[in-house]
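Below: the structure, in structure tokens.
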Amino acid sequence: MICAPHPIHREAFVMVRNIAASRQTAVMQQLRALFLNGDATTGCVRWRAPGWRMLSAGIVMIAACAAPPLPPMNRDLPESLRVPPDDVLEDILTAGGEVVYRCDRGDQGLNWVYRGVQSTLVDSTGESVGTALPGGYFSSYDGSYVVSRPDAEAAVSPDSLPWARLVARFNGGDKVFETRFARTGLILRVQTKGGLPPGWPCVLAGSVLNVPYSATYLMYRSPSVPAPAIPLPSASVTGAPERAVIPGSLNPQPGDFVKLPRNAALPDGALPLPDH
12 MICAPHPIHR EAFVMVRNIA ASRQTAVMQQ LRALFLNGDA TTGCVRWRAP GWRMLSAGIV
72 MIAACAAPPL PPMNRDLPES LRVPPDDVLE DILTAGGEVV YRCDRGDQGL NWVYRGVQST
132 LVDSTGESVG TALPGGYFSS YDGSYVVSRP DAEAAVSPDS LPWARLVARF NGGDKVFETR
192 FARTGLILRV QTKGGLPPGW PCVLAGSVLN VPYSATYLMY RSPSVPAPAI PLPSASVTGA
252 PERAVIPGSL NPQPGDFVKL PRNAALPDGA LPLPDH
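Residue numbers (my numbering): 12 to 287.
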């Protein structure tokens with residue numbers, strides 16, 4: 012059924028724009044003001060906007076439903092997690108995966124002990140760009156990596172993994188051509204969901220538990236890490252860069268990382284992708 016259109020007011024578009032980053036349910040609740048006397052039996056909704064204006068509103072609605080929530084601003088973070096004003100936000104990545112716990116014996120008997128995360132890192136376009144692994148290890152598919160250590164935590168939600176500030180211990184990657192994690196100095200883990208172990212103790216020492224979680228990672232370059240220089244042509248560059256491989260240890264050291272030769276089947280200058 013085709014419904015007769017009605018005039019639209021500019022305020023409706025302003026409202027849609029202002030809520031574009033909200034969750035889908037919140038968007039639909041607030042967008043009810045855009046409709047007039049919808050027919051529940053036929054499923055027909057009478058828009059106030061005809062033609063291209065109605066199409067524009069529909070596009071904004073779709074974008075609002077698909078857009079992830081924006082990360083908190085620095086001033087809205089718990090004080091222990093705030094970033095120095097000179098640090099530069101270089102990337103915002105979302106992660107989905109699992110938190111790894113191991114059943115270890117302590118002073119209070121057997122308990123689940125946090126061992127790290129294993130998750131896929133996704134950029135703002137929805138593309139998978141790397142992985143986060145136990146040991147504070149962040150690996151990019153361009154061959155760069157950063158190994159971090161926890162610096163501060165804040166419990167924001169009682170049923171989710173704490174938010175955390177991680178400081179880089181060492182980096183690897185091509186600094187001249189600005190690979191993703193080669194210059195990362197500080198990482199914030201925020202907007203966590205899930206990831207906590209069960210409330211009861213474990214019973215078998217050495218057993219491993221994987222708990223689903225999601226989070227947003229804010230990647231910063233510290234002022235102590237200089238900005239990349241413009242690369243100059245050089246005749247000494249004869250092949251593609253090698254790639255770093257993560258060691259098996261949960262507490263890696265710089266010397267633990269090994270280099271694999273590039274794949275000879277790749278064209279000259281191509282960057283091989285890691286297998287993990």
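We treat Cβ as the ideally placed atom computed from N, Cα and C, and that holds for glycine. On a predicted model such as this, the values are computed, not experimentally measured, just so you know.
Query raised in the report: To the nearest angstrom, how far is it from the Cα of Leu144 to the Cα of Gln129?
Result: Going by the C-alpha atoms only, they are around 4 Å apart.
Query raised in the report: What residues in its chain sit with their C-beta under 6 Å from that of Val248, if we drop five residues either side in the sequence?
Result: The predicted model places Val248 with a pLDDT of 39, which falls under 50 and marks its position as unreliable, so this point remains unresolved.
Query raised in the report: Opposite Tyr156 in the DSSP bridges: which residues?
Result: Ser150, Gly183
Report task. Whole angstroms is fine: what's the gap from Pro96's alpha carbon to Arg191's? Result -> 21 Å
Report task. Say yes only if the C-beta of Thr203 is nearer than 7 Å to one or more non-hydrogen atoms of the ligand ATP, and no if none qualify. Result -> Among the components modelled here there is no ligand, and therefore nothing to report on the ligand ATP.
**Report entry** Three-way DSSP call (helix, strand, coil) for Asp87 in this model
**Finding:** helix
Report task. Please state if the CB of Pro83 and the CB of Val201 are separated by a distance shorter than 8 Å. Result -> yes
Requested in this report: Consult DSSP for Leu215 and reduce its assignment to one of helix, strand or coil.
Outcome: DSSP, read as helix, strand or coil, puts Leu215 in coil.
Query raised in the report: Which of the three DSSP states, helix, strand or coil, is assigned to Leu207?
Result: coil
Query raised in the report: So what's Leu100 in DSSP terms, helix, strand or just coil?
Result: strand
Report task. Decide if Arg86 is buried, meaning its Cβ has at least 16 other Cβ atoms within 10 Å, or exposed. Result -> exposed
**Report entry** Residues that DSSP places opposite Leu92 in a beta bridge
**Finding:** Note: Leu92 sits in no beta bridge, so no partner.
Report task. Give me the Cα-Cα distance between Glu101 and Gly107, rounded to the nearest whole angstrom. Result -> 20 Å
Query raised in the report: Cβ of Leu132 within 8 Å of Cβ of Leu104?
Result: yes
Query raised in the report: Where does Gly137 fall in DSSP's three states?
Result: coil
Query raised in the report: Secondary structure at Gln119, three-state DSSP: helix, strand or coil?
Result: It is coil, neither helix nor strand.
Query raised in the report: Using the rule of at least 16 other Cβ atoms within 10 Å of the residue's Cβ for burial, across every protein chain shown, is Leu81 buried or exposed?
Result: Classification of Leu81: exposed, given that the 10 Å Cβ count is below 16.
Query raised in the report: Thr136: buried (16+ other C-beta within 10 angstroms of its C-beta) or exposed?
Result: exposed
Report task. Leaving out five residues on either side along the sequence, give the residues of the same chain with a beta carbon under 7 Å from the beta carbon of Arg180. Result -> Same-chain partners within the cutoff: Val158, Ser159, Arg160.
Query - Option in Asn221, Val110, Ile198, Phe188 with minimal Cα separation from Arg232 - result: Ile198
Requested in this report: Would you mind stating whether Pro173 and Tyr112 have Cβ atoms separated by less than 8 Å?
Outcome: no
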